[in-house]
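To start, the structure under review is shown below, and the notes come after it.
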Amino acid sequence: MARFTLPRDLYHGKGALEALKSFTGKKAMICVGGGSMKRFGFLDRAVEYLKEAGMEVELFEGIEPDPSVETVMRGAEAMLKFEPDWIIAMGGGSPIDAAKAMWIKYEYPEITFEEMCKVFGIPPLRRKAHFCAISSTSGTATEVTAFSIITDYQKGIKYPIADFEITPDVAIVDPDLAETMPKKLVAHTGMDAMTHAVEAYVSTAHCDYTDPLAIFAIRMIQGDLVDSYNGDMSKRDSMHNAQCLAGMAFSNALLGIVHSMAHKTGAAFADYGAHIIHGAANAMYLPKVIAFNAKDPEAKKRYGVIADEMKLGGANDDEKVKLLIEYLRGMNDALNIPHCIQHYGPDSYPTEQGFVPENVFLERLPEIAKNAIADACTGSNPRQPSQEEMEKLLKCCYYDTEVDF
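-11 is the number of the first residue of the sequence shown in this note's numbering; add one for each residue after it.
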């Protein structure tokens, strides 16, 4: 038996934020990030809509990108004091992910972070509050998913929390918010969405309910992402829907080792000031993982279907996989995303030097590989890597060398 779970209500289209007026409750806490929602007026609008619905509103602001365990604990403490019956998470993936974890701790104050990370082990929620997610970026789709990513900076590891219990009750997908994204964020979140859709389609947990969502999302992202990056706001609006469809697919079909590797490399070099942004990591790793997974016959066949849906050509599955990899690398070029960790970094870094020092990467490689294999996303990958294979694959992602194993 399998399960397919989505938010009960999804409000979408321009002006969808106004759905907050219809909420019923006494108190709402809005969780937001660094200030873009305030700068563009969306936070004030949300507060007014909730007050119009008769609620008392409190803000929890300043949730950082890639939120920490400490932020989660502070937010839960604020919730315990205010006692909201609605938690409204607003912004990109970070504030929404953080608020999901806060929600768990709010409902179960004695739970530890380690217990929260037990895959599909969260006790029943909604005893105290319901949850609404309002996305402002077009990539993570956390507004419709059963996942949250929280970073333990002491360990340098991102941990996925995975449980259908944290699927939001309500998702608001209003493209007005996505139109405010800076260009680089459009690129990174867009390739995150593409990775979600591709991994969901080849996941061992895919099914008849997830496949159409994944395939349609891939086709939309293929048609919309680069133009969205180049400023076409109609395509930006369409991408906001595409990433949500990809999220619906992967929340139920699960993911694979692109995400396992991204989770475990993202903060692994933070002590060197090197933070690999999640979407950029996915963009760099996806072509390498496709080459690795395509050694599995069923995965190769499904990558071939993706190539056919994208109308890439190819006389057989081997050719189709090669064309798919080339196309995705071309998308990275069009979006100004590098092909490997060695060339990843701030614009001020010369590409020869790179952002993550080679000696540090090699020194930490065995531990990163071990953690990636243990990641919650690895279990549904179509090909299970050994420690040696994961280390070799990560090296390919560092140097941009061919995957031939």
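Just so you know, even glycine gets a beta-carbon here, dropped at the ideal spot from N, CA and C.
The structure displayed is predicted, hence computed values, not measured ones.
Residue closest to residue 160, alpha-carbon to alpha-carbon, out of 84, 213, 258: Counting from one through the sequence shown, the residue named residue 160 turns up at place 172. If we check each option's Cα against that of residue 160, 84 comes out closest.
The stretch 341 to 354 contacting the stretch 237 to 248, beta-carbon criterion three pairs below 8 Å: no
Classify residue 46 as helix, strand or coil using the three-state DSSP reduction. Within the sequence shown, numbered from 1, the residue matching residue 46 stands at position 58. Strand, per DSSP.
On the three-state DSSP scale, how would you describe residue 332? For the purposes of this step, residue 332 is taken as the residue at position 344 of the sequence shown. Residue state, collapsed to three classes: coil.
Please identify the residue among 50, 363, 223 whose C-alpha is closest to the C-alpha of residue 169. Reading the sequence shown from its first residue, position 181 is the one you call residue 169. Nearest of 50, 363, 223 to residue 169, Cα basis: 223.
For residue 247, which residues of its own chain have a beta-carbon under 6 Å away from its beta-carbon, when the five flanking residues on both sides are left out? In the sequence shown, counting from the first residue as 1, residue 247 sits at position 259. Result list for residue 247: 365, in chain order.
What span of residues does the beta strand (DSSP E) with residue 79 cover, start to end? Locating residue 79 in the sequence shown gives position 91, counting from the first residue. Start and end: 74 to 79.
Have a look at 88, 55, 285, 81 and flag the residue whose alpha-carbon is nearest the alpha-carbon of residue 67. Mapped onto the sequence shown, residue 67 falls at position 79. Measuring from the Cα of residue 67, the nearest candidate turns out to be 88.
Is the CB-CB distance between residue 147 and residue 116 below 8 Å? By one-based count along the sequence shown, residue 147 stands at place 159. By one-based count along the sequence shown, residue 116 stands at place 128. Cβ atoms of residue 147 and residue 116: not closer than 8 Å.
Buried or exposed (CB count within 10 angstroms, at least 16 for buried), residue 268: In the sequence shown, residue 268 corresponds to position 280, counting from 1. Per the 10 Å Cβ criterion, buried.
For the alpha helix (DSSP H) that contains residue 168, what are its first and last residues? One-based indexing of the sequence shown puts residue 168 at position 180. Segment: none, residue 168 is in no alpha helix (DSSP H) and carries neither H nor E.
Where do the ends of the alpha helix (DSSP H) carrying residue 266 lie? The residue labelled residue 266 in the question sits at position 278 within the sequence shown. That run of the alpha helix (DSSP H) goes 266 to 281.
When you compare each of 103, 64, 114, 107 to residue 18 by their alpha carbons, which one comes out closest? Within the sequence shown, residue 18 is the residue found at index 30, counting from 1. For residue 18, the nearest C-alpha among the options comes from 64.
For a quick check, are the C-beta atoms of residue 134 and residue 151 less than 8 Å apart? The count along the sequence shown starts at 1 and reaches residue 134 at position 146. The count along the sequence shown starts at 1 and reaches residue 151 at position 163. It is a contact, given that the beta carbons lie within the stated cut-off.
Could you have a look at residue 98 and say whether DSSP puts it in helix, strand or coil? Position 110 of the sequence shown, counted from the start, is the residue given in the question as residue 98. Reduced to three states, the DSSP call for residue 98 is coil.
Going by DSSP, what residue range makes up the alpha helix (DSSP H) through residue 232? One-based indexing of the sequence shown puts residue 232 at position 244. Note, residue 232: alpha helix (DSSP H), 221 to 241.
If contacts are defined as beta-carbon pairs under 8 Å, then residue 379 and residue 393 qualify, I think. What distance do you get, rounded to the angstrom? Against the sequence shown, residue 379 aligns to sequence position 391. Against the sequence shown, residue 393 aligns to sequence position 405. That belief does not hold up - the Cβ atoms of residue 379 and residue 393 are roughly 11 Å apart, past 8 Å.
Spatial distance of residue 43 from residue 12 (CA atoms): Here the question's residue 43 lines up with position 55 in the sequence shown. Here the question's residue 12 lines up with position 24 in the sequence shown. Roughly 8 Å separates the two Cα atoms.
Local conformation of residue 161 per DSSP, three classes: In the sequence shown, the residue the question calls residue 161 occupies position 173. Three-state result, residue 161: strand.
Hey, quick one: how far does the alpha helix (DSSP H) through residue 316 stretch, first residue to last? Locating residue 316 in the sequence shown gives position 328, where the first residue counts as 1. Where residue 316 is concerned, the enclosing alpha helix (DSSP H) stretches over 305 to 322.
Locate the beta strand (DSSP E) running through residue 119, then write down its first and last residues. Start at 1 with the first residue of the sequence shown, and residue 119 comes out as number 131. Its beta strand (DSSP E) spans residues 118 to 123.
Would residue 149 and residue 256 qualify as a contact pair, given that the criterion is a beta-carbon distance under 8 Å? Within the sequence shown, the letter at position 161 stands for residue 149. Within the sequence shown, the letter at position 268 stands for residue 256. No, they are not a contact pair.
Within a Cβ cutoff of 8 Å, which residues of the same chain sit near residue 86, ignoring the five residues on either side of it in sequence? Taking the first residue of the sequence shown as 1, we reach residue 86 at position 98. Counting only Cβ-Cβ distances below 8 Å, and skipping sequence neighbours, we find 19, 51, 55, 59, 60, 63, 77, 136, 138.
Taking the alpha-carbon positions, what's the residue 47 to residue 36 distance? Translated into the one-based positions of the sequence shown, residue 47 becomes position 59. Translated into the one-based positions of the sequence shown, residue 36 becomes position 48. If I take the Cα positions, the gap works out to 13 Å.
Which residues in the same chain as residue -1 place their Cβ atom closer than 6 Å to its Cβ, once the five residues preceding and following it in sequence are excluded? Counted from its first residue, the sequence shown places residue -1 at position 11. Once the five neighbours on either side are set aside, the close Cβ partners of residue -1 are 7, 160.
Give the straight-line distance between the Cα atoms of residue -4 and residue 289, rounded to the nearest whole angstrom. Here residue -4 corresponds to residue number 8 of the sequence shown, with the count starting at 1. Here residue 289 corresponds to residue number 301 of the sequence shown, with the count starting at 1. When rounded, the distance between both Cα atoms is 34 Å.
Assuming residue 270 and residue 179 make a contact with CB atoms under 8 Å, what is their CB distance in whole Å? Locating residue 270 in the sequence shown gives position 282, counting from the first residue. Locating residue 179 in the sequence shown gives position 191, counting from the first residue. Indeed, because the Cβ distance is near 6 Å, the residues count as touching under 8 Å.
Between the CA atoms of residue 242 and residue 187 - distance to the nearest angstrom: Sequence index remark: in the sequence shown, residue 187 carries index 199 (1-based). Sequence index remark: in the sequence shown, residue 242 carries index 254 (1-based). Each residue's alpha carbon lies about 8 Å from the other.
With residue -3 as the anchor, note down where its beta strand (DSSP E) starts and where it stops. Position 9 of the sequence shown, counted from the first residue, corresponds to residue -3. Taken as a continuous stretch (DSSP letters only), the beta strand (DSSP E) holding residue -3 covers -3 to 0.
Does the stretch 199 to 215 come close enough to the stretch 101 to 108 to have 3 or more Cβ pairs within less than 8 Å? no
Label residue 337 either buried or exposed according to how many other C-beta atoms from any shown protein chain fall within 10 Å of its C-beta, with 16 as the threshold for buried. In the sequence shown, the residue the question calls residue 337 occupies position 349. Below a pLDDT of 50, predicted positions are generally treated as unreliable, and residue 337, at 47, falls in that range; the measurement from the model is reported next regardless. Exposed, by the Cβ-count rule.
Work out the CA separation of residue 324 and residue -8 for me, nearest whole Å. Taking the sequence shown and counting its residues from 1, the one referred to as residue -8 is at position 4. Taking the sequence shown and counting its residues from 1, the one referred to as residue 324 is at position 336. Going by the C-alpha atoms only, they are around 36 Å apart.
For residue 139, which of helix, strand or coil comes out of DSSP? Taking the sequence shown and counting its residues from 1, the one referred to as residue 139 is at position 151. DSSP places residue 139 in strand when its eight states are reduced to three.
Residue 218, buried or exposed, once every other Cβ within 10 Å from all chains shown has been counted against 16: Sequence index remark: in the sequence shown, residue 218 carries index 230 (1-based). Burial call: exposed.
Quick test of your reading: residue 15 and residue 72, contact by CB under 8 Å. State the CB separation rounded to the nearest angstrom. As a first step, residue 15 must be located in the sequence shown, where it is residue number 27. As a first step, residue 72 must be located in the sequence shown, where it is residue number 84. Rounded, the Cβ-Cβ distance is 4 Å, consistent with contact.
Does the beta-carbon of residue 3 have 16 or more other beta-carbons within 10 angstroms, so that it is buried, or is it exposed? Within the sequence shown, the letter at position 15 stands for residue 3. It counts as exposed.
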